[in-house]
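Enquirer:
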Amino acid sequence: MINEKNINEGSLLTSGHTACAGCGQSLAAKLVIDASGKNTIVANNTGCLEVFSTGYPNSSWKVPFIHSLFENAAAVATGIESALTHLGKNEQINLIAQAGDGGFADIGLQAFSGLWERGQNVLTICYDNEAYMNTGIQRSGLTPLGTATTTSPGGNLKYKKNLVEIALAHNCVYVATASVHLPLDIQRKVKKAHSLKGAKFLHILCPCPLGWRSDTSKSIEIAKLSVETGLWPLLEYENGVLTNVRKLKSLSPVEEYLKLQGRFKHLFNSENGKKIIEEYKKIVERNVKKYNLLEETK
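Taking the working numbering, the leading residue of the sequence shown gets 215, the next gets one more, and so forth.
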């Protein structure tokens, strides 16, 4: 029987944190750190991930964990990597610089860009819940089109930034996307990233019941639908070359994904909302064509 005791047994992210029920980010972080192992150092931008470390000496992280400023994890990781190199331990210790979508794609992008450009041996991770969830659910650069947030109550007017393309433009040695409904896939990609020397990027979609206005029991289902609709392709690149795409036998309707989230409720009540839903279908069509997402039928 699975229970809290044996789920946490041997895990490097323990209970006692203050993450919300149904938090996709807490599951993703647990999978990442357990795959990384005890010889890991984490530099963390301000964001929801700090709820796992409520201040010295209280922490759910069982590895060295540095909570930095909103824009600063990549800069902190740069200093740590330089120190490890000086000590001859660069290849013995896994180094992670991580942030939520706001801390990564907006406030912290300059520092992450610098780290990528220098090709430093760091795994950078964006835990993407698609808004500034820890400060009031404000829109970020990774908030999808049409999303209702506290700063876009009528629906976000901008398209989501493509962080994968930005990372590829920096010549990262490894770039991948992941979703919390596939835990073994996340852990395989983390281990793959750590096996390569240079700057690595992993982009994980993390449903947030609070900001997505979804049932806490539906986070895994929503994550699964994000992939099965074609809205969130699961990809892997090595040295700029697309090496792996998770194929789909068929596509689930985008409406199934959107209807589970209150942040998209308004899209079904207006003509403009219907136009945005049609735009989501066009995004799916582009993803299917660009990444050849569908399995070939015999």
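Each residue gets a CB set at the ideal place from its N, CA and C atoms; glycine is no exception.
1. Buried or exposed: residue 288, going by 16 or more other Cβ atoms within 10 Å of its Cβ?
2. Under 6 Å Cβ to Cβ from residue 278, same chain only, skipping five residues before and after it: list those, please.
3. Would you call the segment 350-362 and the segment 387-404 in contact, with 3 or more CB pairs under 8 Å?
4. Answer with buried or exposed for residue 224, where buried requires no fewer than 16 other C-beta atoms within 10 angstroms of its C-beta.
5. Buried or exposed: which applies to residue 217, given that a residue is buried once 16 or more other Cβ atoms fall within 10 Å of its Cβ?
6. Can you find at least 3 beta carbon pairs, one from the segment 407-423 and one from the segment 477-492, that sit closer than 8 Å?
7. Just to confirm my understanding: we take residue 285, look at its own chain, exclude 5 residues before and 5 after, and list those with CB closer than 8 Å. What are they?
8. Expressed to the nearest angstrom, what Euclidean distance is found between the alpha-carbon atoms of residue 428 and residue 447?
9. Hey, quick one: how far does the beta strand (DSSP E) through residue 452 stretch, first residue to last?
10. With a cut-off of 8 Å on the beta carbons, I'd call residue 378 and residue 449 a contact; round off their distance for me.
11. Give the single residue among 433, 337, 248 and 472 whose Cα lies nearest to the Cα of residue 394.
12. Extract the residue ranges of the alpha helix (DSSP H) inside the segment 297-382, only unbroken runs of 4 or more that lie entirely within it.
13. Here's the rule: buried if 16 or more other CB atoms are within 10 angstroms of the residue's CB, otherwise exposed. What is residue 371?
14. Consider the C-beta atom of residue 472 and the heavy atoms of the ligand FAD; say whether any pair is separated by less than 7 Å.
15. Nearest-angstrom Cα distance between residue 421 and residue 444?
16. Less than 8 Å between the CB atoms is what I'm expecting for residue 480 and residue 369, so what's the real figure, rounded?
17. Check whether the segment 336-353 touches the segment 453-465, taking contact to mean three or more Cβ pairs, one atom from each stretch, closer than 8 Å.
18. Need the endpoints of the alpha helix (DSSP H) that residue 394 sits in, please.
Expert: For this structure:
1. buried
2. 255
3. Segments in contact, no.
4. That one is exposed.
5. The predicted model places residue 217 with a pLDDT of 43, which falls under 50 and marks its position as unreliable; any figure quoted below should be read in that light. Residue 217 is exposed by the Cβ-count criterion.
6. no
7. 259, 317, 321, 322, 324 and 325
8. 22 Å
9. 449-452
10. 7 Å between Cβ atoms; contact.
11. 433
12. 323-332
13. Its Cβ having fewer than 16 others within 10 Å, residue 371 is exposed.
14. Ligands displayed in this structure: none; no statement on the ligand FAD is therefore possible.
15. 16 Å
16. Yes, residue 480 and residue 369 are in contact; Cβ-Cβ is about 6 Å, under 8 Å.
17. No: fewer than three Cβ pairs fall under 8 Å.
18. No alpha helix (DSSP H) holds residue 394; DSSP gives it neither H nor E.
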